[in-house]
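Taking it in order: structure first as structure tokens, then the write-up.
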Ligand SMILES: [Zn+2]
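Residue numbers (the working numbering), protein chains in the order written: chain D, 1 to 123; chain Y, 1 to 303.
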């Protein structure tokens with residue numbers, strides 16, 4: 001699957017592409033919403049790892065505006081639930097992710113992103 | 001790797017509870033020594049590892065398994081809220097762990113075999129995050145994972161340089177100040193039952209390990225198990241056996257530990273306990289379990 005939890009970790013790794021290579025931009029995507037079990041302790045623990053702006057921008061692109069543009073100081077249950085939904089319940093099934101720097105295309109098919117590079121693209 | 005030739009009608013090996021990685025049931029002569037053409041290891045691995053797994057993938061189930069103790073313990077010790085990488089996830093059997101705290105940590109699976117990933121993406125009946133990628137690459141924000149595991153994977157890489165590159169990649173994927181990792185590879189020192197199956201001989205790769213082929217037989221059988229994902233056609237008719245030889249590098253004692261230490265040194269890490277003003281990696285434990293060697297490490301930074 002590509003959910004935003006994973007999208008927030010992925011970066012372009014093509015040869016010589018080391019800056020402005022995150023976050024990858026979605027293109028021509030199909031999404032599916034699927035419920036996932038809510039685990040507030042996980043979400044709370046994972047928060048410091050998140051690149052917040054990348055997450056907000058990606059969520060907007062997928063039509064979800066439930067999260068504040070700045071990470072809030074006060075973490076309440078409603079916020080955690082919204083974050084859970086954005087991170088774990090929106091599945092990108094088809095489409096592609098494009099590197100903002102080198103324009104490399106990483107296709108997504110049946111929910112699986114293809115991060116393989118051709119031999120000449122490997123750094 | 002279950003190298004027993006005849007148990008493919010069972011859901012898993014009854015000795016080691018593994019679908020893939022049984023090392024108890026190897027019949028004599030199952031394993032043959034091989035030497036590899038190192039001029040093009042990538043193509044070699046495509047042929048003798050990735051393509052084999054793609055073809056035998058439907059024989060593996062992902063719903064029942066009993067993980068090896070060291071791996072289960074490692075994943076049980078990971079704090080809630082951590083995110084990890086399973087580099088070479090195969091059918092994703094470690095993605096649901098720890099079973100007593102489901103969803104408390106997230107392990108993302110990476111593999112080179114697209115067909116295995118189709119199974120892994122639903123490991124344990126829950127939607128998982130999986131990536132089609134190469135264990136030598138680093139398609140992440142560097143150091144973004146809190147932990148990583150590499151189980152029965154690095155032994156499929158055909159040269160010492162590539163095995164070291166895989167370890168370097170793993171070290172780079174985890175957090176420089178607290179990242180933890182567990183690496184698990186096949187040992188030349190096998191469990192007593194399978195000892196005789198392992199050929200002995202000089203290795204020409206500059207290490208003491210042994211390069212071997214391990215056959216997987218996709219045999220004629222009538223499927224008695226629930227075979228939704230097993231045979232797509234002719235399930236009731238016998239068909240010709242097909243033998244797929246998978247390439248393995250069997251590690252010798254101490255080889256994995258020095259591989260990890262050399263990889264760490266190559267990327268400028270101090271080996272051992274914390275010292276001031278440095279970045280390093282500490283070996284938490286290393287040992288042998290059920291025909292495999294493992295090394296557990298922790299990264300630290302005092303910079
Ligand atoms: Zn790029």
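Backbone N, C-alpha and C fix where the C-beta goes; we use that ideal spot for every residue, glycine too.
Cβ-Cβ distance between residue 105 (chain Y) and residue 149 (chain Y) below 8 angstroms = As a position in the second chain, residue 105 (chain Y) is number 105, starting the count at 1. As a position in the second chain, residue 149 (chain Y) is number 149, starting the count at 1. Their beta carbons are not under 8 angstroms apart, which means residue 105 (chain Y) does not touch residue 149 (chain Y) by this criterion.
query = Would a C-beta distance cut-off of 8 angstroms place residue 67 (chain D) and residue 75 (chain D) closer than the cut-off?
reply = By 1-based counting over the first chain, the position of residue 67 (chain D) is 67. By 1-based counting over the first chain, the position of residue 75 (chain D) is 75. No, the pair does not count as a contact, with Cβ atoms beyond the cut-off.
message = Looking at chain D, is there any beta carbon in it that lies within less than 8 angstroms of the beta carbon of residue 245 (chain Y)?
response = Position 245 of the second chain, counted from the first residue, corresponds to residue 245 (chain Y). No - not a single Cβ of chain D is within 8 angstroms of the one on residue 245 (chain Y).
task = Could you name the residues whose beta carbon sits closer than 6 angstroms to any heavy atom belonging to ligand 2, keeping them in chain order?
result = Only ligand 1 can be found as ligands here, which leaves ligand 2 out of the picture.
Residues that DSSP places opposite residue 215 (chain Y) in a beta bridge = Working through the second chain from its first residue, we reach residue 215 (chain Y) at position 215. Bridge partners of residue 215 (chain Y): Y:245.
task = Would you kindly report the start and end of the unbroken beta strand (DSSP E) that includes residue 26 (chain D)?
result = Residue numbering aside, residue 26 (chain D) sits at position 26 when the first chain is read from its first letter. Start and end: 25-33.
query = Got a sec: which bits of the region 132-151 of chain Y sit with their beta carbon under 9 angstroms from any beta carbon on chain D, in order along the chain?
reply = 132, 133, 134, 136, 137, 138, 139, 140, 141, 142, 144, 145 and 146
ask   = Closer than 9 angstroms, Cβ to any Cβ of chain Y: which residues of the region 37-66 of chain D, in chain order?
value = 37, 38, 39, 41, 42, 43, 44, 45, 46, 47, 48, 49 and 51
ask   = From residue 206 (chain Y) to residue 35 (chain Y), what does the alpha carbon distance come to, in whole angstroms?
value = Numbered from 1 along the second chain, position 206 holds the residue referred to as residue 206 (chain Y). Numbered from 1 along the second chain, position 35 holds the residue referred to as residue 35 (chain Y). Note that residue 206 (chain Y) has pLDDT 40, beneath the 50 cutoff, so the model's placement of it is unreliable and no number is given.
query = Are three or more beta carbon pairs between the region 70-86 of chain D and the region 131-138 of chain Y nearer than 8 angstroms?
reply = no
task = With DSSP as the reference, label residue 89 (chain Y) as helix, strand or coil.
result = Taking the second chain and counting its residues from 1, one reaches residue 89 (chain Y) at position 89. Coil at residue 89 (chain Y), not helix or strand.
message = Considering only DSSP beta bridges, list what residue 270 (chain Y) is partnered with.
response = Here the question's residue 270 (chain Y) lines up with position 270 in the second chain. For residue 270 (chain Y), which the question treats as bridged, DSSP gives the partners Y:280.
message = Buried or exposed for residue 223 (chain Y), going by 16 or more other Cβ atoms inside 10 Å?
response = Within the second chain, the letter at position 223 stands for residue 223 (chain Y). With a pLDDT of only 42 at residue 223 (chain Y), under the threshold of 50, the placement of this residue in the model should not be trusted, and no figure is reported.
message = Can you find the residues in the same chain that come closer than 8 angstroms, C-beta to C-beta, to residue 143 (chain Y), ignoring five residues on each side of it along the sequence?
response = Numbered from 1 along the second chain, position 143 holds the residue referred to as residue 143 (chain Y). Hits under 8 angstroms: 172, 173, 174, 175, 176 and 179.
ask   = In the region 157-198 of chain Y, which residue ranges form an unbroken alpha helix (DSSP H) of at least 4 residues, counting only runs that do not cross its ends?
value = 160-173
ask   = Going along chain D, which residues have a C-beta under 7 angstroms from residue 80 (chain Y)?
value = Numbered from 1 along the second chain, position 80 holds the residue referred to as residue 80 (chain Y). Residues of chain D passing the Cβ test: 41, 42 and 45.
Spatial neighbours of residue 21 (chain D) in its chain, beta-carbon cut-off 6 angstroms, leaving aside the 5 residues before and after = Here residue 21 (chain D) is taken as the residue at index 21 of the first chain, counted from 1. Taken in chain order, the residues that qualify are 11, 12, 99 and 101.
task = Confirm, please, whether the CB-CB distance from residue 91 (chain D) to residue 34 (chain D) is below 8 angstroms.
result = To locate residue 34 (chain D), count along the first chain from 1; it is residue 34. To locate residue 91 (chain D), count along the first chain from 1; it is residue 91. Closer than 8 angstroms, so yes.
key: residue 280 (chain Y) beta carbon less than 8 angstroms from that of residue 271 (chain Y)   = Residue mapping note: residue 271 (chain Y) aligns to position 271 of the second chain, counting from 1. Residue mapping note: residue 280 (chain Y) aligns to position 280 of the second chain, counting from 1. Yes, Cβ-Cβ distance for residue 271 (chain Y) and residue 280 (chain Y) is below 8 angstroms.
key: Minimum Cβ-Cβ distance from residue 108 (chain Y) to chain D less than 8 angstroms   = Residue numbering aside, residue 108 (chain Y) sits at position 108 when the second chain is read from its first letter. Yes, residue 108 (chain Y) counts as interfacial toward chain D.
ask   = Is the region 76-96 of chain Y close to the region 157-164 of chain Y, with three or more CB pairs under 8 angstroms?
value = no
query = Closest to residue 123 (chain Y) by CA distance: which of Y:91, Y:102, Y:103 and Y:113 is it?
reply = Residue 123 (chain Y) sits at position 123 when you count from the first residue of the second chain. It is Y:91 whose Cα lies nearest to the Cα of residue 123 (chain Y).
query = At least one CB of chain Y closer than 8 angstroms to the CB of residue 101 (chain D): is that the case?
reply = Locating residue 101 (chain D) in the first chain gives position 101, where the first residue counts as 1. Residue 101 (chain D) does not count as touching chain Y.
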